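Colleague: Under numbering that gives the first Met the number 0, the residues of the sequence shown are numbered 0 to 93, in order.
Ideal Cβ placement from N, Cα and C applies to all residues, glycine included.
Since the model is a prediction, treat every value here as computed from it, not as a measurement.
This is the structure I have questions about; it appears just below.
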Amino acid sequence: MNLEERDKVYNFLNLIADKRRIDIIYLIMKKRLCVQDIAEIINETVANTSYHLQQLKKGNIVKVEKEGKEVFYSLSDKHVYEILENVLEHISHK
Numbered sequence: 000m001n002l003e004e005r006d007k008v009y010n011f012l013n014l015i016a017d018k019r020r021i022d023i024i025y026l027i028m029k030k031r032l033c034v035q036d037i038a039e040i041i042n043e044t045v046a047n048t049s050y051h052l053q054q055l056k057k058g059n060i061v062k063v064e065k066e067g068k069e070v071f072y073s074l075s076d077k078h079v080y081e082i083l084e085n086v087l088e089h090i091s092h093k
């Protein structure tokens, strides 16, 4: 791994190293949701949820789809979910 790759790995892990962002990733893994629905489910304000979604979008973890005035969020691809599943599997082994 070169320094540029190391920095990218660091930035990616830093981006998802947040409890709310992990909650959001798991929520939008199976179906797209709007910010209001996500905020309600994770018991967070719309403003904070929107902030986390924007950070995840900047990191290409979530994608945005607009339908009229509605904005829906979903995972860009399954890699992030698979990474979290691998982490869960790793920490489950004793």
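Which one or two residues does DSSP pair with S73 in a beta bridge?
Modeller: In the DSSP output, where bridge partners are listed per residue, S73 has K62.
Colleague: For the alpha helix (DSSP H) that M0 lies in, which residues bound it at each end?
Modeller: Taken as a continuous stretch (DSSP letters only), M0 belongs to no alpha helix (DSSP H), as it is neither H nor E.
Colleague: What is the residue span of the alpha helix (DSSP H) that H51 lies within?
Modeller: Looking at the DSSP string, the run of the alpha helix (DSSP H) that includes H51 is V45 to K57.
Colleague: Quick one: is H78 buried, meaning 16 or more other Cβ sit within 10 Å of its Cβ, or exposed?
Modeller: H78 should be labelled exposed.
Colleague: How many Å lie between E43 and K29 at the Cα?
Modeller: The straight-line gap from Cα to Cα measures roughly 20 angstroms.
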